[in-house]
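These notes are about the structure you will find just below.
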Amino acid sequence: MSHPVVTSIAISPDGQTLASGGWDRTIRIWDTATGTIKQVLMGHSAVTCLAFSPDGQMLACGNRDKTVALWGVDTVARQHLFEIDTPDMEPQAASVCFSPDGQTLACGTQGGNTYLWNLVTLEQESLGESSLGCRKLAFSARGDVLIGAYLSVLQIWNSNPTLGQWIRISRIETRYGPIDAIAITPNGRAIATGHVNGAIHFWNAITGAWVGTFQGHTDVVRSLAFSSNGQRLVMVSGSKDKTIKLWDLQTKMEQYTLNEPSEILELILNQKEPGFLISAGTKGMLKIWTMG
1075 MSHPVVTSIA ISPDGQTLAS GGWDRTIRIW DTATGTIKQV LMGHSAVTCL
1125 AFSPDGQMLA CGNRDKTVAL WGVDTVARQH LFEIDTPDME PQAASVCFSP
1175 DGQTLACGTQ GGNTYLWNLV TLEQESLGES SLGCRKLAFS ARGDVLIGAY
1225 LSVLQIWNSN PTLGQWIRIS RIETRYGPID AIAITPNGRA IATGHVNGAI
1275 HFWNAITGAW VGTFQGHTDV VRSLAFSSNG QRLVMVSGSK DKTIKLWDLQ
1325 TKMEQYTLNE PSEILELILN QKEPGFLISA GTKGMLKIWT MG
């Protein structure tokens, strides 16, 4: 049994636990092997976004009530509550993600502001120069690159340990319409952006230069994810057009399409098991796929 409306999903690093959040103000913790619910977390408003920490011990939950909660996965206890202090008209969290070392939590809001919290000191950190916030955020696998998108603008930051802050190296007006999904390749060299017109564009993560386009979807691309089994790099994309597509990045070809009865809200790939895909749709259903 799922939520009436699923708003976000996240998978633990070991691939054994799935978290789902919805407008029903609950987070459900699932066993991916059996498909059964292990725990239900309550005590907050409608859930807008979720992310597991790299060690799988914490779950970050963005809420509609201007807060971001940190939950202990094993203890099922809320460890901390961050408040989003902003004058934005739409201040709820839109995206949360942990740095690969687990020491920083990033949050982008519907209104565009971006927040970084040090999870050791629990203090807010500076993102450095940022004339525009981010509704979508993602760290590179090494943690030295942070990417964010708001409307049609893509921003790229590099970590500067000497200065102790992030330095923005690119601010790209994509000119392809609003961005609704972002992802960065495992090697950190390329960024994919999914747009409202169904196109997926690729960018050099170092120079910010446009490097190519994948066409196939006919409506908003809402989710992107990369996976590598050591032999090939693949990308999956989910769209409002009710399809999930698998792309081979070596051949730059669409491999196959999965047709769904509802719009796709979010996709995640289990990095421990390449080919293991979880999707969330607008009808409240969570599905687990095995791709060849």
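Residue numbering for the sequence shown follows this note's numbering, starting at 1075 and increasing by one per position.
Using N, Cα and C, we set each Cβ at its ideal position, and we do this for glycine too.
Close beta carbons around residue i, own chain, < 8 Å, minus the five adjacent residues each side
| i | result |
| --- | --- |
| Gln1177 | Asn1192, Leu1193 and Val1194 |
| Asn1357 | Residue identity check: residue 1357 is Lys in the sequence provided, not Asn. So the list reads Pro1335 and Ser1336, once near-sequence residues are dropped. |
| Pro1078 | Gly1096, Trp1097, Asp1098 and Gly1358 |
Inter-residue Cα distance where the pair is residue i and residue j
| i | j | result |
| --- | --- | --- |
| Lys1072 | Ile1352 | One cannot answer for residue 1072 here, as it falls past the ends of the chain, which runs 1075 to 1366. |
| Leu1144 | Ser1233 | 24 Å |
| Ala1354 | Gly1136 | 17 Å |
| Thr1325 | Val1114 | 43 Å |
| Met1019 | Pro1252 | No answer is possible for residue 1019: it lies beyond the span of the chain, which begins at 1075 and ends at 1366. |
| Lys1210 | Arg1296 | 11 Å |
| His1291 | Leu1237 | 42 Å |
| Met1367 | Thr1108 | Lying before the first or after the last residue shown, residue 1367 is absent from the chain, which here runs from 1075 to 1366. |
| Phe1350 | Ile1111 | 19 Å |
| Ile1342 | Ser1301 | 10 Å |
| Ser1086 | Ser1244 | 31 Å |
| Thr1188 | Val1308 | 29 Å |
| Thr1106 | Asp1088 | 10 Å |
| Arg1249 | Ser1313 | 20 Å |
| Trp1240 | Glu1340 | 28 Å |
| Asp1139 | Ala1168 | 12 Å |
Start-to-end residues for the beta strand (DSSP E) that takes in residue i
| i | result |
| --- | --- |
| Lys1189 | According to the sequence displayed, residue 1189 carries Tyr and not Lys. Counting along the chain, the beta strand (DSSP E) containing Tyr1189 begins and ends at Thr1188 to Asn1192. |
| Cys1123 | Val1121 to Phe1126 |
| Gln1153 | Ala1151 to Glu1157 |
| Tyr1224 | Val1219 to Tyr1224 |
| Thr1178 | Thr1178 to Thr1183 |
| Arg1138 | Neither: Arg1138 is in no beta strand (DSSP E) and is coded neither H nor E. |
| Arg1242 | Gln1239 to Glu1247 |
| Ile1280 | Counting along the chain, Ile1280 falls outside any beta strand (DSSP E), and DSSP gives it neither H nor E. |
| Gly1268 | Ala1264 to His1269 |
| Trp1097 | Note, Trp1097: premise wrong, no beta strand (DSSP E); not H, not E. |
Contact set for residue i: own chain, Cβ-Cβ below 7 Å, skip 5 residues either direction
| i | result |
| --- | --- |
| Met1116 | Arg1099 and Thr1100 |
| Ala1279 | Val1219, Ile1230, Ile1258, Gly1262, Arg1263, Ala1264 and Ile1265 |
| Leu1155 | Thr1141 and Ala1143 |
| Trp1284 | His1275 and Trp1277 |
| Leu1196 | His1154 |
| Ala1125 | Ala1084, Ala1134, Val1170, Cys1171 and Phe1172 |
Expected contact under 8 Å - CB spacing of residue i and residue j to nearest Å
| i | j | result |
| --- | --- | --- |
| Trp1104 | Thr1091 | 7 Å |
| Asp1315 | Gly1282 | Not confirmed; about 29 Å, so no contact. |
| Gln1131 | Val1150 | Gln1131 to Val1150, Cβ: 12 Å. No contact. |
| Gly1222 | Gly1182 | 6 Å |
| Ile1256 | Leu1298 | 7 Å |
Residues near residue i by beta carbon distance below 6 Å, same chain, minus five either side
| i | result |
| --- | --- |
| Met1075 | Only weak support is given to the placement of Met1075: the predicted model assigns it a pLDDT of 48, under 50, and the value that follows is read from those uncertain coordinates. Excluding sequence neighbours, Met1075 sits near nothing in its chain. |
| Gln1198 | Trp1191 |
| Lys1319 | Gly1290, Ser1311, Glu1328 and Thr1331 |
| Arg1152 | Ala1143 and Trp1145 |
Closest residue to residue i among the options (Cα-Cα distance)
| i | options | result |
| --- | --- | --- |
| Gln1166 | Thr1141, Tyr1250 and Thr1149 | Thr1141 |
| Pro1174 | Asp1148, Trp1097, Phe1213 and Gln1239 | Phe1213 |
| Ser1119 | Ala1134, Asp1322 and Trp1097 | Trp1097 |
| Val1270 | Met1359, Ile1338, Thr1281 and Asp1254 | Asp1254 |
| Val1227 | Trp1321, Thr1267 and Thr1183 | Thr1267 |
| Ala1084 | Leu1323, Cys1171 and Ile1246 | Cys1171 |
| Cys1374 | Pro1235, Ala1180, Gly1217 and Ala1215 | In this structure the chain extends from 1075 to 1366, so residue 1374 is not present and cannot be described. |
| Val1294 | Ala1215, Thr1081 and Ile1338 | Ile1338 |
Cutoff 7 Å: residue i Cβ touching any chain C Cβ
| i | result |
| --- | --- |
| Gly1095 | Of the protein chains in the structure, only one exists, and it is not chain C. |
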